[in-house]
Structures are given as structure tokens and as C-alpha cells.
Amino acid sequence: MMKVYLDHNATTPLDPQVLEAMMPYLREEFGNASSIHQWGRRARAALEDSRVKIAALLGADKDCVVFTGGGTEADNLAIKGVAWANQDKGRHIVTSTVEHHAVLHTCEFLAKQGFEITFLPVDGKGRLDPEDLRKAIRPDTILVTLMHANNETGALFPLREIGQIAKEKKVPFHTDAIQTFCKVPLNVEEDHVDLLSLSAHKIYGPKGVGALYIRKGTKMVATLHGGSQERKRRPGTENVAGAVGFSRAAELLFADREKEGNRLSTLRDQLQRGLMEKIPQVLLNGDPDHRLPGTLNMSFEFVEGESLILSLDMEGIAVSSGSACTSGSLEPSHVLLAMGIPHEVCHGSLRFSLGRGTTKEQIDYVLEVLPRIVARLRAMSPLAQT
Amino acid sequence: MYSEKVMEHFTNPRNVGEIENADGVGLVGNPVCGDVMKLFIKVEDGKIADVKFKTFGCGAAIATSSMVTEMVKGKTLEEALAISNKAVAEALDGLPPNKMHCSNLAADALHKAIEDYRDKVKTKA
Chain A
1 MMKVYLDHNA TTPLDPQVLE AMMPYLREEF GNASSIHQWG RRARAALEDS
51 RVKIAALLGA DKDCVVFTGG GTEADNLAIK GVAWANQDKG RHIVTSTVEH
101 HAVLHTCEFL AKQGFEITFL PVDGKGRLDP EDLRKAIRPD TILVTLMHAN
151 NETGALFPLR EIGQIAKEKK VPFHTDAIQT FCKVPLNVEE DHVDLLSLSA
201 HKIYGPKGVG ALYIRKGTKM VATLHGGSQE RKRRPGTENV AGAVGFSRAA
251 ELLFADREKE GNRLSTLRDQ LQRGLMEKIP QVLLNGDPDH RLPGTLNMSF
301 EFVEGESLIL SLDMEGIAVS SGSACTSGSL EPSHVLLAMG IPHEVCHGSL
351 RFSLGRGTTK EQIDYVLEVL PRIVARLRAM SPLAQT
Chain B
387 MYSEKVMEHF TNPRNVGEIE NADGVGLVGN PVCGDVMKLF IKVEDGKIAD
437 VKFKTFGCGA AIATSSMVTE MVKGKTLEEA LAISNKAVAE ALDGLPPNKM
487 HCSNLAADAL HKAIEDYRDK VKTKA
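Those protein sequences? They're chains A and B, same order as listed.
With my numbering, letter number 69 in the first sequence gets 69, and the count goes up by one each step, no holes.
If you want my numbering, it's the 1-based position in the second sequence plus 386.
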């Protein structure tokens with residue numbers, strides 16, 4: 001039995017070098033970064049150093065980067081912050097049907113407050129047509145929020161084209177880049193992005209810290225109130241250790257991104273090919289041509305996702321699923337449903353998200369184990385032809 | 387998340403299969419919801435002589451199907467009808483609250499199979 005973690009889109013292990021970089025700020029350098037004395041000044045220096053590093057990786061100015069308590073918080077700050085600050089200009093927001101819940105539920109919350117939300121559709125492969133965005137923008141549109149890559153299927157949206165359209169129409173553009181930062185090319189100038197959400201724990205950094213890039217001049221309000229940290233955009237004593245860990249993790253992943261991206265897509269393609277060869281009646285979910293290098297979403301007909309996960313878990317393999325049983329609600333993945341995938345096929349979906357620790361040996365092991373599991377569950381299923 | 391008993395029934399489910407020319411068949415759930423259970427019974431002298439199931443669903447769905455077949459074998463139809471979803475869940479040392487509806491499905495499949503049997507008997511008579 002091998003331990004194979006293939007759920008990197010859910011979270012990633014902390015890189016040992018990241019832990020090492022964080023340690024001083026968890027131990028002797030515990031100062032409050034806003035304090036005037038030397039403990040504070042040393043903490044402040046580390047915080048600002050981290051800010052500079054992350055900004056540089058985005059092609060941004062350091063004053064535009066705000067540290068938050070995670071990616072979800074960054075999404076909330078971006079969307080609510082811009083919506084509430086600009087509601088006298090208009091109350092229309094454009095987003096998509098496949099956004100992460102942090103964006104979707106925030107938009108739904110604003111809808112209850114009287115904002116109007118347009119949810120742009122995607123096609124069967126999860127692709128967005130930028131022309132749909134152009135048509136959807138109105139004089140009263142105050143925000144466009146569209147993710148860079150989908151966390152379930154890995155499908156990439158055409159960021160630059162979207163940014164270009166929003167820029168032409170003079171509407172602030174926010175993107176949730178949580179799954180793409182340090183993995184695929186991303187530059188706030190070249191991609192015409194006004195706001196951008198990031199999260200550390202998706203890139204081998206610590207949980208509980210993220211960041212929001214905010215283009216200078218973007219009219220917005222804060223969602224939290226308190227002290228004047230982060231230029232009042234996000235009050236609260238700064239998580240210096242978290243920020244240090246975040247920037248170290250980002251540096252390490254960015255340096256390696258092309259090599260690692262190729263390595264992951266090779267392994268991912270091997271897994272995809274292998275599963276399609278060894279198991280009948282499997283379907284690929286998502287755009288095979290424009291997706292994150294390490295993400296694979298497939299459906300296994302006539303069997304259900306949670307029972308697949310349990311069986312794989314017993315063999316040491318960790319994955320996730322789009323089935324209703326794993327979402328905690330009665331509906332399966334909203335992303336897969338938005339792609340027009342039938343309910344029962346959504347229930348039989350698995351997401352494999354590869355990462356740094358993934359090896360060919362592990363992929364071979366999965367290819368050995370999963371066909372047996374699917375066969376066993378199909379033999380029990382009233383939907384499978386015997 | 388799941389008790390040892392649930393995992394045991396999930397890993398080694400009892401009475402998986404179909405009965406050709408079954409005396410009663412109960413089909414509940416639907417693929418859209420993510421849960422389908424098909425239960426087959428063979429009735430002799432008012433007792434459930436044989437029972438088999440096929441299930442599309444999560445760990446709890448498979449475990450509750452398996453458990454209900456184990457509970458019902460050899461019982462009279464009246465005893466079988468008295469088996470509730472609570473009883474199935476208890477026999478499995480409990481289910482997480484959001485999985486209790488799976489035990490409903492198992493009890494319902496059994497009751498439907500018995501109903502089907504009684505309908506068939508009426509039609510023959």
C-alpha cells in the first residue's frame with residue numbers, strides 16, 4: 001500500500017523551506033508589526049519584504065498588495081468592497097456560473113441587498129466566451145468578477161481577453177487567481193486586472209493567509225473595521241509569520257513553474273490516458289486544451305463519488321469528488337452542472353489534483369487500484385449493464 | 387465519519403446481486419439524486435427466504451442496503467415491514483446526521499419489495 005495524495009487543489013503540504021522561513025516569526029520575532037519599538041520594526045521589515053516579493057511576482061507595485069486571512073476573505077473584500085463603494089454609480093455585477101463559492105455566495109449575498117448579478121454561462125467544456133462578457137456589460141455595471149482557473153476542472157478562462165474587454169468598458173475587473181498564482185503566467189498589467197485574490201495554502205504555504213491585489217485608484221471600501229493596518233483596507237494585527245511563509249512559498253514555486261508545470265501535465269496526462277484505457281465508460285470533464293497542468297476531473301459511469309473516495313482512501317489514495325454526498329448538500333457540483341453534465345454523471349465524478357510530491361510510481365499505483373474499485377462498485381450497481 | 391460497522395458493510399456487503407423471477411422487487415431513489423436501491427426478495431411460507439440488492443450510492447447507501455438484507459433474511463413479511471430506517475441505522479452503530487436519509491432508502495426499498503410481492507399475489511388470485 002502506498003500513500004498517494006492527489007488533492008492538491010484542496011490544500012498542499014507546507015514546504016519545509018517555508019516552515020524554516022516562518023519559524024523566527026513564530027518564536028523570537030513575535031513583535032506586532034505596527035509597534036514602534038525594535039520588536040515591531042523587525043516584524044514590520046519582514047512583512048514589507050514579503051509584500052514586495054509577492055507584488056513583484058504579479059508585476060505589481062508593493063503598495064497594491066493587501067494581506068488577508070485567506071483567499072475567501074480576499075474574494076469577499078474585492079467584491080463587497082467594490083460593490084458597496086460604487087453602488088451610487090450602479091448595482092450590476094457580472095460573474096460566471098462556475099465560480100468558487102467564495103465568489104458565488106458573496107454575489108448571492110449582494111443580490112439579496114438589491115444588487116443585480118449576471119451569471120455568464122460556460123459551454124460543455126467549461127469554457128467562457130469573452131463576447132458574452134462584452135454583451136453583458138451595461139452602463140450600470142460596477143464590477144466584473146471572473147476566475148482565472150476553475151478549481152474543480154482546472155479549466156482556464158481567457159484572462160487577458162476578459163481584462164481587455166473590462167478595461168475598454170471601464171469596469172473594474174476582479175479575478176480569483178487562487179489556483180493559478182505561480183503556476184501559469186499572470187501579470188496584472190499585461191492581463192488588465194484591477195483586483196486579484198491569492199491564497200497561500202494552495203502553493204505549499206500556510207493556511208490562514210492570503211492577499212488581494214488592488215490597482216491604485218480602485219474605488220472600494222473595507223469590509224472589516226478596526227485599526228489602520230494595511231492602509232485601513234484590512235485592519236487587524238498582521239500575520240507576519242503567515243506573510244513570510246506565503247512569500248517564501250510563492251518564490252519557490254514561481255522559480256520552478258515551467259519545469260514543474262510540464263512534469264505535472266505529463267503525469268496528469270498519463271493518469272488520464274491510463275484510466276481511459278483501463279476503465280470503460282469514463283468521461284473527461286473540462287477543457288483538455290486549456291487547463292491547469294495538474295488537474296484532472298473525470299466521471300465514472302454507474303458508480304458514485306463518495307463510495308469511490310472511500311474505496312480509494314482505504315488503499316491510501318486521496319482525491320475529491322463532485323457528488324452531492326461529498327458536497328454536504330443535495331445537489332452535486334455546481335461547476336459540473338453548469339457545464340451541462342447530467343446529475344448522475346456529476347455524482348460519479350472524481351477530481352485528481354497532482355502536486356510536488358506526485359511521482360510516476362504513484363500514478364502507476366492509482367492505475368492499478370482504481371480499475372478494481374470501479375469494477376467492484378459497478379458489480380453492485382443497478383445502473384450498470386451486467 | 388463512518389462507524390466500523392458501516393465500513394465493514396461497505397467493504398464486505400452481504401447479499402449483493404439479483405434474483406431472477408423474484409417474488410418482489412423494490413426500486414427506490416433515482417440517479418439524479420445520486421441514490422438508487424433495488425431490492426429483490428424470494429418469499430416462501432410467508433417468510434423472506436432470500437434477498438439480494440443492487441445499489442448506486444455513497445458508503446452509507448451501500449452499507450444500509452447490505453444491513454437491511456441481513457436483518458430481513460428469514461423474517462416473516464410482517465416482521466420485515468416493521469423494520470424502520472432507525473433500526474437499520476442503529477444496527478450499523480449510527481450514521482452521520484446528513485446520511486440518515488440513506489437509511490430511509492433502505493427501509494423503503496424493502497417495504498416496496500414486499501408491496502410488490504403482495505400486488506403480484508393479488509393479481510394472480
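The beta carbon of each residue, even a glycine, is placed where N, CA and C say it ideally should be.
- A:HIS347 reaches chain B at GLY420, counting residues in chain order whose Cβ is nearer than 7 angstroms.
- Judged by beta-carbon spacing, A:SER323 lies within the 8 angstroms limit of A:GLU304, meaning their Cβ atoms are closer than that value.
- Between A:GLY274 and A:ALA200, the beta carbon gap of about 32 angstroms keeps them out of contact (Cβ cut-off 8 angstroms).
- In the three-state DSSP reduction, A:ALA318 falls in the strand class (E or B).
- Taking 9 angstroms as the Cβ-Cβ cut-off, the region 296-308 of chain A approaches chain B at PHE302, VAL303, GLU304, GLY305, GLU306, SER307, given in chain order.
- No Cβ of chain B is located within less than 8 angstroms of the beta carbon of A:GLY124.
- Cβ neighbours of A:VAL65 within its own chain (closer than 6 angstroms, five residues either side excluded): ARG51, ILE54, ALA55, ALA211, TYR213.
- Taking all protein chains shown into account, B:MET457 has 16 or more neighbouring C-beta atoms within 10 Å of its C-beta and is therefore buried.
- Taking C-beta atoms as the reference points, A:LYS135 and A:GLY261 fail to come closer than 8 angstroms.
- Close partners of A:SER323 in chain B (Cβ separation under 9 angstroms): GLY420, CYS444.
- Taken in chain order, the complete alpha helix (DSSP H) segments of 4 residues or longer contained in the region 18-102 of chain A are 38-58, 71-85.
- Here the alpha carbon of A:ASN285 sits roughly 28 angstroms from the alpha carbon of A:VAL193.
- For A:LEU212, the secondary structure class from DSSP, reduced to helix, strand or coil, is strand.
- Put simply, the CB of B:PHE396 is near chain A, with a gap under 8 angstroms to one of its CB atoms.
- For A:GLY328, the residues of chain B that pass the 8 angstroms Cβ criterion are ASN484, in the order they occur in the chain.
- Residues of the region 145-178 of chain A with a C-beta atom less than 9 angstroms from some C-beta of chain B do not occur.
- Legend: CB atoms of the region 401-434 of chain B lying less than 7 angstroms from CB atoms of chain A belong to residues VAL402, PRO417, VAL418, GLY420, VAL422, LYS424.
- Taking C-beta separations shorter than 6 angstroms and ignoring five residues to either side along the sequence, the partners of A:SER265 in its chain run PRO293, following chain order.
- According to DSSP, residue pairing for A:VAL345 in a beta bridge does not occur.
- In the structure shown, A:ASN262 adopts helical secondary structure according to DSSP, grouped into three states.
- For B:THR441, the chain A residues whose C-beta falls within less than 8 angstroms of its own C-beta are MET380, SER381, PRO382, listed in chain order.
- In the assembly as shown, B:PHE442 is a buried residue. Its beta-carbon has 16 or more other beta-carbons within 10 Å.
- Between A:LEU310 and A:LEU350, the beta carbon gap of about 12 angstroms keeps them out of contact (Cβ cut-off 8 angstroms).
- Assignment of beta-bridge partners to A:THR141 by DSSP yields A:HIS92.
- When C-alpha distances from A:PHE115 are compared across A:LEU186, A:GLU131, A:LEU146, A:HIS92, the shortest belongs to A:HIS92.
- Under the Cβ criterion (8 angstroms, minimum of three pairs), the region 429-443 of chain B counts as touching the region 395-404 of chain B.
- Taking B:TYR503 as the centre and dropping the five residues before and after it, the same chain places the C-beta of ASP409, GLY410, ILE427, VAL429 closer than 7 angstroms to its C-beta, in chain order.
- Taking a cut-off of 8 angstroms for Cβ pairs, the region 219-235 of chain A and the region 6-22 of chain A do not touch, as fewer than three such pairs fall below it.
- Listed by position along chain B, the residues whose Cβ is nearer than 8 angstroms to that of A:HIS343 are PRO417, VAL418, CYS419, GLY420.
- In the DSSP annotation of this structure, the continuous segment of the alpha helix (DSSP H) that includes A:HIS334 starts and ends at 334-338.
- Within the same chain, VAL282 come within 7 angstroms of A:MET276 by CB-CB distance, once the 5 residues on both sides are set aside.
- Sorting A:THR180, A:GLN385, A:THR141, A:ASP129 by C-alpha distance to the C-alpha of A:GLU161 places A:ASP129 at the top.
- The C-beta of B:ILE448 comes closer than 8 angstroms to at least one C-beta of chain A.
- Distance between A:PRO342 and A:ALA74, taken at the CA atoms: about 32 angstroms.
- In the displayed model, A:SER307 falls within a helix according to three-state DSSP.
- Taking the Cβ atoms as the reference, A:VAL366 lies roughly 6 angstroms from A:LEU271, within the contact range of under 8 angstroms.
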